[in-house]
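Novice: Pasting a structure here, questions to come.
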Amino acid sequence: MRRMTLADFQKMKDEGRPIAMVTAYDYASALIAEQAGVPAILVGDSLGMVMQGQDTTLPVRVEDMIYHARMVMRGSRKALVVVDLPFLSYATEQDAVDAARRVMQEGGGQALKLEGGREIVPIVQRLTAMGVPVMGHLGLTPQAQHQIGLRAQAKEVRAARKLLDDARALEEAGAFGIVLEVIPADLAALVSKEVRIPTIGIGAGAGCDGQVQVWHDVLGLFEGKSPRHAHRFAEIGAQMVGALSHYVKQVEEGSFPTKAQSVSMAPDILAALTA
Ligand code: KIV
Ligand code: NA
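To convert a position in the sequence shown, counted from 1, into my numbering, add 465.
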């Protein structure tokens, strides 16, 4: 089957089929996502935290997004691949065009995701006019965390109304989808009804047209708690620790490697070498 298109993505909403999106950041994970039949992959700037070990997404650069997008594209065949534009890379229309050129030409991916509402409408219009599909991102937008914190957004009537207006403005500007992050489920359901394009929720309830989750959260790749909006569908990190400690133990006690992992040569050759 060919790669998922924007039309396929829209069709899923039109047919009432929920869209399961997950982040991926490299070749190996893209292969796994494909095997699992994930229809849409996000190369998120969350890679700053889960791949680079930084505290926030703010230090992530366009180069980083290119590097990770390229690896994901090598491993994915059928999924729609959306790539985040990082913090401050789309401050002006020209910046956005420059960043989009680099990410799409050097990294690949079929679409870009940008955080923000009405204030980024001219940028969304410009990119979509140039053939760059844009996904919006409203609610808890981590690139603005020093202004808004990392708490639930749009819980009051004014902020909720603004979010609804922002969603309409993004759709009007040409966005093909909108991520809704940590907003009340009722509001997310309302937005999903009010716009024709798919909404993809994270911590925004079951009323969205799809969901997106961070790879490390759903796979349980790290110790401790995942965010409240995530569910750990496995404890892969603990399995990795188990496997690696097993390996260390076997090397240390001399039970790995065995003959099965070794190459042999004829005994007369060894004799000639030691004669
Ligand atoms: O960077 C990311 O992973 C994201 C999703 C959480 C929506 O933007
Ligand atoms: Na992001």
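We put the beta carbon where it would ideally sit given N, CA and C, even for glycine.
Taking only the alpha-carbon atoms, compute the straight-line gap between leucine 735 and alanine 725 and give it to the nearest angstrom.
Specialist: Distance between the alpha carbons of leucine 735 and alanine 725: 19 Å.
Novice: The ligand KIV and proline 607: does any heavy atom of the ligand fall closer than 8 Å to the residue's C-beta?
Specialist: Result yes, Cβ under 8 Å from the ligand KIV.
Novice: Pull up the distance between the alpha-carbon of tyrosine 532 and that of leucine 629, whole angstroms please.
Specialist: Near 34 Å, if we compare the C-alpha coordinates of leucine 629 and tyrosine 532.
Novice: Using the beta-carbon count (16 or more within 10 Å), is glycine 668 buried or exposed?
Specialist: When all chains shown are included, glycine 668 counts as buried.
Novice: What is the chain-ordered set of residues for which the beta carbon lies under 5 Å from any non-hydrogen atom of the ligand NA?
Specialist: Here the residues come out as Gly509, Asp510, Asp549.
Novice: Look up isoleucine 643 in the DSSP assignment and give the residues it is bridged to.
Specialist: In the DSSP output, where bridge partners are listed per residue, isoleucine 643 has Gly601, Thr664.
Novice: Which word fits serine 520, buried or exposed, when buried means at least 16 other C-beta atoms lie within 10 angstroms of its C-beta?
Specialist: Looking at the sequence shown, residue 520 is not serine but aspartate. By the 10 Å Cβ count, aspartate 520 comes out exposed.
Novice: Relative to the ligand KIV, is the shortest distance from any of its heavy atoms to the C-beta of isoleucine 484 smaller than 8 Å?
Specialist: Incorrect: isoleucine 484 has no Cβ contact closer than 8 Å to the ligand KIV.
Novice: Is any heavy atom in the ligand KIV found nearer than 8 Å to the beta carbon of isoleucine 643?
Specialist: No, the Cβ of isoleucine 643 stays beyond 8 Å of every heavy atom of the ligand KIV.
Novice: Give me the Cα-Cα distance between valine 644 and arginine 535, rounded to the nearest whole angstrom.
Specialist: If I take the Cα positions, the gap works out to 22 Å.
Novice: Determine the direct distance from the alpha carbon of threonine 606 to that of glycine 525, and round the result to whole angstroms.
Specialist: One point to set straight first is that residue 525 is valine, not glycine, in the sequence displayed. Roughly 15 Å between the two C-alpha positions.
Novice: Verify the contact flag: lysine 627, CB atom, against every heavy atom of the ligand KIV, threshold strictly below 8 Å.
Specialist: Lysine 627 Cβ: outside cutoff for every heavy atom of the ligand KIV.
Novice: Pop quiz: leucine 545 and glutamine 575 are said to be a contact at Cβ under 8 Å. What is the actual Cβ separation, rounded to whole angstroms?
Specialist: Right, the Cβ-Cβ distance comes to about 6 Å (below 8 Å), so this counts as a contact.
Novice: Using 10 angstroms around the beta-carbon of valine 461, count the other beta-carbons present and answer buried if the total reaches 16, otherwise exposed.
Specialist: Residue 461 is absent from the model: the chain starts at 466 and stops at 740.
Novice: For proline 504, is the classification buried or exposed, using 16 other Cβ atoms within 10 angstroms of its Cβ as the cut-off for buried?
Specialist: Flag for proline 504 reads buried.
Novice: On the premise that arginine 583 lies in contact with alanine 634, defined as a C-beta separation below 8 Å, what is that separation, rounded to the nearest angstrom?
Specialist: The pair is a contact, with the Cβ atoms about 5 Å apart (cut-off 8 Å).
Novice: Would you call the region 590–600 in contact with the region 616–626, where contact means no fewer than 3 C-beta pairs closer than 8 Å?
Specialist: Because the criterion of three Cβ pairs below 8 Å is not met, the region 590–600 and the region 616–626 do not touch.
Novice: Taking 9 Å as the threshold (C-beta atoms), are leucine 512 and alanine 488 in contact?
Specialist: Sequence inspection shows threonine at residue 488; the alanine mentioned does not correspond to that position. Result yes, Cβ atoms of threonine 488 and leucine 512 sit closer than 9 Å.
Novice: Which complete alpha helix (DSSP H) runs does the region 661–733 hold, if anything under 4 residues is left out?
Specialist: Counting only runs of 4 or more, we get 680–684, 701–718.
Novice: Name the DSSP bridge partner or partners of aspartate 549?
Specialist: Per DSSP, Lys578.
Novice: Could you tell me the distance, in whole angstroms, from the CA atom of tyrosine 490 to the CA atom of alanine 703?
Specialist: Cα to Cα, tyrosine 490 sits roughly 20 Å from alanine 703.
Novice: Please tell me whether methionine 516 and glycine 572 are closer than 9 Å, where the distance is taken between their beta carbons.
Specialist: No, Cβ-Cβ distance for methionine 516 and glycine 572 is not below 9 Å.
Novice: From which residue to which residue does the beta strand (DSSP E) around leucine 507 run?
Specialist: Counting along the chain, the beta strand (DSSP E) containing leucine 507 begins and ends at 505–508.
Novice: Would DSSP call threonine 488 helix, strand or coil?
Specialist: DSSP places threonine 488 in strand when its eight states are reduced to three.
Novice: Please report the distance separating the alpha-carbon of leucine 615 from that of glycine 670.
Specialist: Straight-line Cα distance between these residues: approximately 17 Å.
Novice: Counting C-beta neighbours from all protein chains within 10 Å, is the total for serine 657 16 or more, i.e. buried, or is it exposed?
Specialist: Counting Cβ neighbours within 10 Å, serine 657 comes out buried, since at least 16 surround it.
Novice: Cβ-heavy atom distance between isoleucine 667 and the ligand KIV below 8 Å?
Specialist: For the ligand KIV, at least one heavy atom lies less than 8 Å from the Cβ of isoleucine 667.
Novice: Put threonine 557 into one of helix, strand or coil per three-state DSSP.
Specialist: Note: threonine 557 maps to coil in three-state DSSP.
Novice: Which ranges would you report for the beta strand (DSSP E) in the region 498–539 if only whole runs of at least 3 residues count?
Specialist: Here the runs fully enclosed are 505–508.
Novice: When you compare each of Val660, Gly540, Gln612, Gln570 to isoleucine 497 by their alpha carbons, which one comes out closest?
Specialist: For the residues Val660, Gly540, Gln612, Gln570, the minimum Cα distance to isoleucine 497 belongs to Gly540.
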